[in-house]
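What follows is a short report on a single structure.
Residue numbers (this note's numbering): 10 to 79.
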């Protein structure tokens with residue numbers, strides 16, 4: 010990856026460490042496959058929808074950033 014910025018790289022990547030990398034899991038939620046980050050206590054934050062149906066992407070309950078409970 011090439012990053013062109015007037016901001017120093019140390020400032021751009023501040024706070025990024027190997028410990029901060031979230032682990033993603035593929036889940037079947039409401040009959041649709043999603044990629045989500047585990048937050049603990051059975052909660053997940055949706056990161057990506059894995060579907061070929063355009064209708065699924067318009068569902069507000071499946072939007073990236075939404076927190077779901079399993």
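Cβ atoms here follow ideal geometry from the backbone N, Cα and C, with glycine treated the same way.
In this text the structure is predicted, and so the values were computed from the model without any measurement.
| field | Cα-Cα separation between residue 75 and residue 17, rounded to whole angstroms | value | 32 angstroms
| task | Decide if residue 53 is buried, meaning its Cβ has at least 16 other Cβ atoms within 10 Å, or exposed. | result | buried
| query | Which residues share a DSSP beta bridge with residue 42? | reply | DSSP lists 37 and 59 as the bridge partner or partners of residue 42.
| query | How long is the line joining the alpha carbons of residue 67 and residue 13, rounded to whole angstroms? | reply | 34 angstroms
| query | In this structure, does DSSP put residue 19 in helix, strand or coil? | reply | Helix, per DSSP.
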